[in-house]
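What follows is a set of notes on a single structure, which appears directly below.
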Amino acid sequence: MKTFWLLVRAGFRRHSTYRLALLAGMTTNSVFGFIRASILLAALASAGTAIGGYDAPTTIAFVWWGQALLGTVNLWGFAEVKDRVRTGDIAVDFLRPVDPQIAYLAGDLGRAGINLIGRGVPALLLGALLFDMAWPPSAVSWVAGAVSILLAVVVAFSGNFVINLLAFWLVEIRGITLLWMITGGLLCGLYLPVPWFPDWLRTIANWSPFPSMLQNPIDILAGRVVGDDIASAVGVQVFWAVALLALGQVVLRAGRRRLEVQGG
Amino acid sequence: MSIIETRDLVRDFKKTRAVDRMTFSVEPGEAVGYIGANGAGKSTTIKMLTGILKPTSGHVRTCGLDPMRQRVEVARRVGVVFGQRSQLWWDLPLRDSFAILGAIHRMDEAATRARTDLLVEQLEMGPQLGTAVRSLSLGQRMRAEIAAALLHSPELLILDEPTIGLDVLSKQRLREFLVAERREQGTTLLLTTHDMGDIERLCDRVLVVDRGRLAFDGTLTGLAGTVGAQRILVIDLAQPTPDLHDVPGATLVESESDGLRQRLSFDAEATTVAAVLAHVSSRHEVRDLTIEEPDIEDVVRRIYAASGRA
Numbered sequence: 000m001k002t003f004w005l006l007v008r009a010g011f012r013r014h015s016t017y018r019l020a021l022l023a024g025m026t027t028n029s030v031f032g033f034i035r036a037s038i039l040l041a042a043l044a045s046a047g048t049a050i051g052g053y054d055a056p057t058t059i060a061f062v063w064w065g066q067a068l069l070g071t072v073n074l075w076g077f078a079e080v081k082d083r084v085r086t087g088d089i090a091v092d093f094l095r096p097v098d099p100q101i102a103y104l105a106g107d108l109g110r111a112g113i114n115l116i117g118r119g120v121p122a123l124l125l126g127a128l129l130f131d132m133a134w135p136p137s138a139v140s141w142v143a144g145a146v147s148i149l150l151a152v153v154v155a156f157s158g159n160f161v162i163n164l165l166a167f168w169l170v171e172i173r174g175i176t177l178l179w180m181i182t183g184g185l186l187c188g189l190y191l192p193v194p195w196f197p198d199w200l201r202t203i204a205n206w207s208p209f210p211s212m213l214q215n216p217i218d219i220l221a222g223r224v225v226g227d228d229i230a231s232a233v234g235v236q237v238f239w240a241v242a243l244l245a246l247g248q249v250v251l252r253a254g255r256r257r258l259e260v261q262g263g
Numbered sequence: 000m001s002i003i004e005t006r007d008l009v010r011d012f013k014k015t016r017a018v019d020r021m022t023f024s025v026e027p028g029e030a031v032g033y034i035g036a037n038g039a040g041k042s043t044t045i046k047m048l049t050g051i052l053k054p055t056s057g058h059v060r061t062c063g064l065d066p067m068r069q070r071v072e073v074a075r076r077v078g079v080v081f082g083q084r085s086q087l088w089w090d091l092p093l094r095d096s097f098a099i100l101g102a103i104h105r106m107d108e109a110a111t112r113a114r115t116d117l118l119v120e121q122l123e124m125g126p127q128l129g130t131a132v133r134s135l136s137l138g139q140r141m142r143a144e145i146a147a148a149l150l151h152s153p154e155l156l157i158l159d160e161p162t163i164g165l166d167v168l169s170k171q172r173l174r175e176f177l178v179a180e181r182r183e184q185g186t187t188l189l190l191t192t193h194d195m196g197d198i199e200r201l202c203d204r205v206l207v208v209d210r211g212r213l214a215f216d217g218t219l220t221g222l223a224g225t226v227g228a229q230r231i232l233v234i235d236l237a238q239p240t241p242d243l244h245d246v247p248g249a250t251l252v253e254s255e256s257d258g259l260r261q262r263l264s265f266d267a268e269a270t271t272v273a274a275v276l277a278h279v280s281s282r283h284e285v286r287d288l289t290i291e292e293p294d295i296e297d298v299v300r301r302i303y304a305a306s307g308r309a
């Protein structure tokens, strides 16, 4: 546990050394937040009523929590593990008396932490300053929201970790990563809230792990999901976190048996 | 109990057999040089010893454990440095890497700090502790890698090309440290290298591997004797000189520029540099001299030739 915590801190510190990147990320998130908020407000105005349970303040909350969590949750994936498999540096990870998946998860939680503080919260506050935004309706929503964010980070990490591990079998996984990004970006509810989707697409989304990476925490924090529904939203996330972590373990084991470290 | 034990160890890659029925064992406290040409199977063996690669067949035990099935336990008892790969955290200060590794090895903070301080002092890395690893020079980084591998006081230290790319002074310091560390801790050492100096100064036993097979197992002197590897004395003379055929214990290899530069090979057991030099300089004016050590490629090539596989 202490090891895990130290690895979290190391991830936090690693990513906090790149302050300019954080600032740039924050600026981009804010600009896009402004644009998205304006577009969605216009859509709401033309509908003249709430859409899929979203009125104007919850829509604003949807947009800005989304922008805030964009850097926190690793939606677009990472390439570190894939690169280490390709170069053979993954060997070093196997020389340590820790499980590589757990070690990388710890590092990613640290990365998420600094991104939430350094990039997410400022963007969120800016959004709240410029627009009329709905806040979590109760203490329960705040706490459940925080747990839900943590789970979203874990789900996104675990999914990406599995994708990265495919490098054990495939020389180049760029195509798969791209597919993951496009599908995930749409289905997680980043562009539009999942409840706004047509029925067939919403069904697909709800059977996928992607809403657990963004839509669920946003729904709780924007106050669209309250009461008993919070438990089921978090429950679905727990299911995906456990399922994807377990899948990662299976794939990691298979990959290790297959490993052919090149050269050196 | 042997600290390393392999029996009929085999690893095949797609079309090639990288390690071919390798059988050897290393006892606690030994210092073993593991040498061979590129692609001879050295790194593959090491990766099977440490549980990174799964053997195709055969038996392997490290510290009495099955590395593939007991990887974590092996990792606790073995320290490894791959010269071409880093185990440090690239964008953090060096000090943080030691702290994290200490935690990974379940050492308490006081123990981690004490061990770090000791290694840092011996390796003279104090000034670099606050530097991000990515900003270290190659020599500094390699010392840091070795400190990182030794942090948890492993029984077995495996170094894969630890001096590759280092300048003479850095190599020297690293070797001195390793000698002292082994004297104090009794750490078993398995070392692969292309540098004969590493072997001479650090190892009492040499394994030569050729195309995945063990071609020689014995002492360094035995190795030199087996292949007749000799040191070469290169003498620059003040004037063109007839070929030096009459030096006791030495043989003329080559004469250049009308005898201005002559290369003599000599057997380190039969004579000394000083004796050869004294003999030559009593007859001719010597301007300069250098000594060429038998290089590992040469020794290996001769071994390969001797086993009829070159």
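Residue numbers (numbering that gives the first Met the number 0), protein chains in the order written: chain A, 0 to 263; chain B, 0 to 309. Beta carbons are placed, not taken as given, at the ideal position from N, Cα and C, and that holds for glycine. Everything numeric in this text was worked out from a predicted model, so none of it was measured.
Burial is judged here by how many other beta carbons sit within 10 angstroms of a residue's own beta carbon; B/P247 has fewer than 16 and is exposed.
Annotated three-state conformation of A/S157 is helix, per DSSP. Rounded to the nearest whole angstrom, the C-alpha separation of B/Q238 and B/G258 is 8 angstroms. Secondary structure at B/L122: coil, using DSSP grouped into helix, strand and coil. When DSSP states are grouped into helix, strand and coil, B/V298 belongs to the helix group. Per DSSP, the beta-bridge partners of B/M21 are B/L8. Here B/E144 really is in contact with B/V80; their C-beta atoms are around 5 angstroms apart, less than 8 angstroms. Look at B/R84: its C-beta is under 7 angstroms from a C-beta on chain A. DSSP links B/H58 through a beta bridge to B/R6. In this structure, B/D197 keeps its C-beta atom at 7 angstroms or more from the C-beta atom of B/A30. DSSP places B/A214 in the strand class (E or B) of the three-state scheme.
Shown here, A/A245 sits in a helix according to DSSP, grouped into three states. For B/E180, the closest C-alpha among the options B/S152, B/R140, B/E160 is that of B/S152. In the displayed model, B/I34 falls within a strand according to three-state DSSP. Taken through DSSP and simplified to helix, strand or coil, B/V80 comes out as strand.
Going by DSSP, B/F265 is part of the beta strand (DSSP E) stretching over 260–265. In the displayed model, B/P92 falls within a strand according to three-state DSSP. Contacts between B/R70 and chain A, judged by CB atoms closer than 7 angstroms, involve F93 in chain order. A/Y190 is not bridged by DSSP to any residue.
Per DSSP, B/T187 is one residue of the beta strand (DSSP E) stretching across 187–191.
Per the DSSP secondary-structure output, B/V208 pairs in a beta bridge with B/L213.
With at least 16 other beta carbons inside 10 angstroms of its own, B/L173 counts as buried. At least one C-beta of chain A is nearer than 7 angstroms to the C-beta of B/R75.
At a cut-off of 7 angstroms between beta carbons, A/L19 makes no contact with chain B. Only those residues of the region 34–51 of chain B whose C-beta falls short of 7 angstroms from the nearest C-beta of chain A are listed: S42, K46, T49, G50, I51. Non-local C-beta neighbours of B/R260 in its own chain, meaning closer than 8 angstroms and more than five positions away in sequence, comprise V233, I234, D235, L236, S254, ordered along the chain.
In this structure A/T176 is buried. Its beta-carbon is surrounded by 16 or more other beta-carbon atoms within 10 angstroms. Nearest CB-CB separation between B/D90 and chain A: below the 7 angstroms threshold.
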